[in-house]
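Protein chains in written order, with the numbering used here: chain H, 1 to 255; chain V, 1 to 255; chain C, 1 to 255; chain B, 1 to 255.
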């Protein structure tokens with residue numbers, strides 16, 4: 001298995017976790033361990049310094065990198081301030097950029113997102129851009145210099161899976177940076193599908209943190225991402241409209 | 001992970017492989033190893049004794065059980081003869097019962113299948129019944145005494161995945177014996193979905209044996225089955241029509 | 001538009017309605033009128049002679065043929081008795097054959113269905129066979145002499161639409177008698193799809209009788225069946241993975 | 001049936017046709033007649049004045065309104081010039097705004113589109129905005145003053161239908177102006193579904209102009225749009241996971 005490389009950093013795991021929604025730090029630790037993740041995204045606007053401290057310690061103990069995010073930002077300006085704050089607090093140029101249009105849909109606001117991405121890149125940030133599944137916006141984000149583009153499968157927290165696999169395929173087909181399926185994942189087969197469509201990694205939070213058994217679901221996604229990654233590279237059989245015997249009876253056996 | 005128990009035999013792997021279509025014995029060995037399977041189905045009508053010998057040796061070396069099957073049988077009578085032959089040759093009561101209606105669709109012939117299952121059970125066979133995805137036929141096969149019921153996801157060799165997940169759910173909901181998704185699987189996410197729908201195991205052949213890299217695909221399915229199994233038991237989040245923040249901003253952080 | 005011909009009888013409408021579940025005879029009349037149906041199926045076991053009288057009069061006033069059905073029958077024997085009763089009461093050889101496995105799924109019982117069909121044909125009935133979507137069973141019913149084969153889209157009353165379009169296409173591809181999509185239809189696009197898949201007609205009850213406005217839904221289905229019928233014969237464009245301009249800009253305009 | 005009202009103009013037909021790709025003016029006339037359309041979109045950049053003359057005459061003879069479009073424009077600036085040209089040539093403020101990102105995907109360029117929409121509205125145009133299916137962009141276009149918002153079902157000319165019905169529902173749920181499903185439609189059931197999802201009208205070109213029999217396909221879509229419109233308003237039955245008899249046998253008949 002080839003490592004995932006983003007901004008020159010190689011990671012063996014292709015599963016990125018969010019931390020929101022988990023009932024306790026213990027549960028989070030167990031889920032992280034089971035998932036095998038090496039990168040975890042944290043909402044900067046959510047934590048008081050003290051609370052963040054415990055979380056960061058938990059991550060640091062496990063050698064898990066932190067990808068701060070701008071969840072809760074509605075404008076490019078808010079996102080920039082949050083990113084600056086994150087850089088200062090965490091001493092990292094990495095930022096997962098979320099610019100949300102409204103609290104009802106939590107969908108990305110494409111123009112604000114593009115504006116924010118451009119400014120952040122100029123300021124030296126390494127931008128992981130959370131976007132809708134529009135192939136045009138995805139390509140623009142790459143052209144602006146984002147180090148990873150992260151299209152959604154479905155709105156955040158819905159667990160609806162990948163509503164438009166065709167768009168994900170279009171995005172992957174033209175991408176020169178890693179594509180990370182982000183948001184909408186509900187269960188293991190969704191993550192496997194994302195990888196089969198050609199995504200380089202999968203990011204999810206709710207699907208693990210709000211599962212009945214987060215640790216077990218973390219393990220499920222670890223396997224799912226590996227499964228989809230391998231299946232993509234193994235070269236699947238084509239889909240056929242008509243049956244084809246695996247053990248044809250005609251002629252001589254060919255084994 | 002709980003073992004799969006069929007007819008009192010416990011197996012750690014929930015992936016059953018068919019051998020048809022593989023280019024060589026070496027390739028088969030590599031795929032079997034990568035898949036982690038402990039049970040492999042073999043078409044009795046396909047092999048001459050010599051050829052079968054090499055195959056059986058390969059399986060026996062690995063401690064993989066053989067599930068002989070009646071592929072190529074079009075009537076209950078043919079299936080019974082083939083089963084008797086298998087019992088004698090392999091000294092096992094296990095038989096995967098296939099009674100196919102025609103060579104075009106390779107779809108099971110439900111009345112002949114039920115007839116054959118009844119007779120085989122009477123004769124002391126342990127019947128793994130390959131069937132269409134009709135919930136009524138599936139239940140009948142269990143009532144007749146089959147030790148496992150194996151509905152198809154799609155016609156053999158099509159790689160179309162699970163065409164009717166609703167039927168698979170109906171079958172699982174009423175089943176008292178293991179349900180094995182058999183036929184139609186194309187890639188890893190299909191197998192994960194089968195397990196998430198509640199199947200106890202997945203059987204496939206073409207998806208591995210005719211993949212570009214059978215060993216890698218075998219590994220993919222090993223992960224996929226584990227992923228779906230764990231996800232089912234981890235209790236997935238519900239599907240929601242509307243977004244839900246994983247990191248809600250209102251009020252105090254709850255971590 | 002070519003008429004639908006079953007058993008030598010030509011009908012202009014390709015929409016067959018059931019009557020169950022309608023709140024009143026008035027509502028039924030309005031729905032029938034709006035739908036344009038020329039054939040309506042009636043559950044023989046459901047009506048007392050007096051009640052049936054009002055219903056039959058309503059149908060007869062409109063020149064709508066009656067297709068008695070064996071709804072509520074669980075065995076071939078019950079179905080035969082009900083068919084005989086219908087023949088006597090309505091002076092018709094036509095019978096819609098339903099043999100249901102249980103009250104929970106209301107799914108057809110394939111072996112009992114085949115048994116009943118064979119006997120009814122022998123006794124001179126013209127059998128419209130309600131079946132699951134198994135292509136093998138569908139073909140058997142035709143071979144037994146049924147005048148129409150009626151596969152389900154989904155279980156009765158679920159409104160889930162056509163769960164397995166692939167099976168419906170397989171059934172249509174091999175059929176020599178009219179194929180009528182029966183059961184599962186929820187809304188207009190489901191009926192259009194059935195016709196696009198090649199069905200010769202659509203039968204539905206609940207989707208009209210339990211709609212908020214049955215008459216309006218009857219009109220919707222009249223249009224939907226016409227739409228699907230015409231679209232199938234108009235030769236649709238192929239599905240393409242990549243965009244194609246309707247108004248290409250290169251070279252000279254071609255209009 | 002309520003008329004479709006856009007910018008104060010009422011139309012009985014909810015099917016809008018494009019003219020590109022049709023083999024001849026005669027074929028176009030026949031397709032328009034069969035479709036019942038009252039509004040047709042024409043690519044301004046495609047026609048020389050003489051050619052356009054014949055087309056406009058054909059439309060004018062039938063009393064069909066012309067909706068000029070900016071197909072082939074890649075920037076807001078090009079779109080504005082084309083719109084000005086159309087206004088002068090056709091003496092209408094109506095413009096279907098297309099701003100495409102590239103010739104490969106023909107997908108809308110959201111930021112350029114929003115920019116162009118804003119400027120066109122300022123200049124007094126009545127903008128029908130062709131957009132991707134992003135609910136945020138759709139709402140922005142309405143807020144900018146567009147008289148209709150036209151999300152795609154799939155990329156132009158693909159015939160893939162509505163790839164993300166969930167997004168179309170989100171768009172409809174928040175819309176205060178007519179929503180027209182535009183692009184991607186392949187066959188009748190796609191158009192019926194668009195209306196069932198709550199769209200106010202459907203726009204298509206290729207699906208009719210490149211069908212084997214454009215006139216027949218025009219008729220198919222006329223019925224399909226009516227079917228979906230009526231079905232939406234008739235109040236469909238809910239989807240149920242379990243069967244429900246249309247003719248329950250228990251107790252007294254309720255007819």
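By construction, the Cβ of each residue, glycine as well, lies at the ideal position given by its N, Cα and C atoms.
Between the Cα of residue i and those of the options, spot the shortest distance and give me the residue it belongs to.
i, options, result
"residue 61 (chain V)", "V:183, V:30, V:128 and V:22", "V:30"
"residue 141 (chain B)", "B:171, B:241, B:105 and B:163", "B:171"
"residue 73 (chain C)", "C:82, C:66, C:67 and C:65", "C:82"
"residue 68 (chain H)", "H:53, H:88, H:94 and H:51", "H:94"
"residue 119 (chain V)", "V:100, V:79 and V:187", "V:79"
"residue 100 (chain C)", "C:166, C:115 and C:235", "C:115"
"residue 237 (chain B)", "C:176, C:167 and C:157", "C:157"
"residue 15 (chain H)", "H:56, H:108 and H:65", "H:65"
"residue 228 (chain H)", "V:235, V:218, V:232 and V:234", "V:218"
"residue 144 (chain B)", "B:159, B:175 and B:57", "B:175"
How is residue i classed by DSSP in three states: helix, strand or coil?
i, result
"residue 236 (chain B)", "coil"
"residue 211 (chain V)", "coil"
"residue 135 (chain B)", "helix"
"residue 252 (chain V)", "A caution first: residue 252 (chain V) carries a pLDDT of 34, below 50, which makes its placement in the model unreliable, though a value can still be read off. Coil."
"residue 50 (chain C)", "helix"
"residue 3 (chain C)", "coil"
"residue 229 (chain V)", "helix"
"residue 193 (chain H)", "helix"
"residue 242 (chain V)", "coil"
"residue 160 (chain B)", "coil"
So that I know if they touch, is there some Cβ in chain C lying closer than 7 angstroms to that of residue i?
i, result
"residue 134 (chain V)", "yes"
"residue 64 (chain B)", "no"
"residue 253 (chain B)", "Its pLDDT being 34, under 50, residue 253 (chain B) is placed unreliably by the model, and the measurement read from it follows with that caveat. With 7 angstroms as the cut-off, residue 253 (chain B) counts as an interface residue toward chain C."
"residue 3 (chain B)", "no"
"residue 68 (chain B)", "no"
Compare the C-beta of residue i against all C-beta atoms of chain B and say whether one is closer than 7 angstroms.
i, result
"residue 76 (chain H)", "no"
"residue 165 (chain C)", "no"
"residue 148 (chain H)", "no"
"residue 101 (chain H)", "yes"
"residue 82 (chain C)", "no"
"residue 143 (chain C)", "no"
"residue 156 (chain C)", "yes"
"residue 160 (chain C)", "yes"
Taking 7 angstroms as the threshold (beta carbon to beta carbon), is residue i in contact with chain V?
i, result
"residue 89 (chain H)", "no"
"residue 217 (chain H)", "yes"
"residue 107 (chain C)", "yes"
"residue 111 (chain C)", "yes"
"residue 30 (chain H)", "no"
"residue 224 (chain H)", "yes"
Beta strand (DSSP E) containing residue i: first to last residue?
i, result
"residue 40 (chain H)", "39-43"
"residue 173 (chain H)", "Taken as a continuous stretch (DSSP letters only), residue 173 (chain H) belongs to no beta strand (DSSP E), being part of the alpha helix (DSSP H) at 165-174."
"residue 182 (chain C)", "180-182"
"residue 10 (chain V)", "9-11"
"residue 31 (chain V)", "Note, residue 31 (chain V): premise wrong, no beta strand (DSSP E); alpha helix (DSSP H) at 25-35."
"residue 201 (chain H)", "201-204"
Identify the continuous alpha helix (DSSP H) that holds residue i and give its terminal residues.
i, result
"residue 18 (chain C)", "No alpha helix (DSSP H) holds residue 18 (chain C); the beta strand (DSSP E) holding it covers 15-18."
"residue 148 (chain C)", "No alpha helix (DSSP H) holds residue 148 (chain C); the beta strand (DSSP E) holding it covers 148-151."
Should residue i be flagged as near chain H, meaning a C-beta pair shorter than 7 angstroms?
i, result
"residue 237 (chain V)", "yes"
"residue 187 (chain V)", "yes"
"residue 169 (chain V)", "no"
Could you tell me which uninterrupted alpha helix (DSSP H) segments, each at least 4 residues in length, are contained entirely in the region 60-140 of chain B, listed from first to last along the chain? Listed in chain order, the complete alpha helix (DSSP H) runs (minimum 4 residues) inside the region 60-140 of chain B are 76-90 and 110-122.
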